[in-house]
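K.L.:
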Amino acid sequence: MSSHPELSALILAGGEARRMGGQDKGLIELAGRPLIAWVLKRIAPQVDEVVISANRHRDIYAGLGHPVIADGHPDYRGPMAGIAAAGARAAGEWLLVVPCDTPFLPADLAQRLLDHARQTGCRLVRAADPGQTHYTSFLFHRDLLPDLAAHVANGRLKLQAWQAEHAAETLTFADAGAFLNLNTPDELAEAEQRLRKAP
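Start counting the sequence shown at 222; every next residue gets the next number (the numbering used here).
1. Mind checking which residues open and close the alpha helix (DSSP H) that includes E408?
2. Check the DSSP bridge columns for F359 and list the partner residues they point to.
3. Using the C-alpha atoms, what's the distance from L409 back to T341?
4. Give the straight-line distance between the Cα atoms of L261 and Q267, rounded to the nearest whole angstrom.
5. Which residue's Cα is closest to the Cα of Y356: I264, L365, H362 and L345?
6. Taking all protein chains shown into account, decide if M222 is buried (16 or more other Cβ within 10 angstroms of its Cβ) or exposed.
7. DSSP beta-bridge partners for V289?
8. Going by alpha carbons, who is nearest to A306 out of L392, N276, E411 and A348?
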């Protein structure tokens with residue numbers, strides 16, 4: 222990694238995972254490996270550094286070889302708090318945010334989002350598939366971090382609303398399955414099935 226990396230990834234692993242019985246979602250196993258390991262396999266080769274946002278089991282996450290940052294709030298404040306804390310630790314000029322429960326992310330996610338940001342002059346680009354926008358999979362310039370942190374400090378915690386304030390662009394990826402988000406046991410089973418079918 223260069224001393225002044227261009228692109229950092231922030232992996233959000235601080236959620237409550239209520240639909241998974243409150244388990245630490247990043248550590249739930251898919252085909253014998255924790256979900257976050259699948260995300261790291263996809264994302265780490267695309268960026269200069271990775272920072273993990275996690276409030277529980279930080280020692281286990283630290284064993285994956287990347288900095289682990291808690292959001293510092295005693296109450297659950299959602300992804301924006303995690304992004305603010307992990308972003309402050311990250312060194313990259315651009316910050317790629319992804320959740321810990323999306324094991325099939327595109328291999329060109331970072332590059333395509335970054336190319337789009339440069340071509341349009343946009344400071345925030347979200348990923349989408351043909352069916353929906355994925356608000357927790359996005360790239361933004363670190364110049365927006367102070368504004369995001371101010372929103373968190375003021376209790377304004379709706380990520381989609383914050384993105385809308387910054388003229389966010391949306392870039393569509395053809396493969397909807399790339400953004401499969403594992404929120405329930407049924408979705409975990411669907412992912413297992415996808416892996417079994419993979420060549």
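Every residue gets a Cβ at the ideal spot worked out from N, C-alpha and C, and that includes glycine.
P.N.:
Taking the coordinates as given:
1. Per DSSP, E408 belongs to the alpha helix (DSSP H) from P406 to K418.
2. Answer is V318 and R347, bridged to F359.
3. Taking the straight line joining both Cα atoms gives about 36 Å.
4. C-alpha separation (whole angstroms): 10 Å.
5. Distances from the alpha-carbon of Y356 to those of I264, L365, H362 and L345 put L345 closest.
6. Only weak support is given to the placement of M222: the predicted model assigns it a pLDDT of 40, under 50, and the value that follows is read from those uncertain coordinates. By the 10 Å Cβ count, M222 comes out exposed.
7. When beta bridges are read from the DSSP output, V289 appears opposite I273.
8. Checked all of L392, N276, E411 and A348; the closest Cα to A306 is N276.
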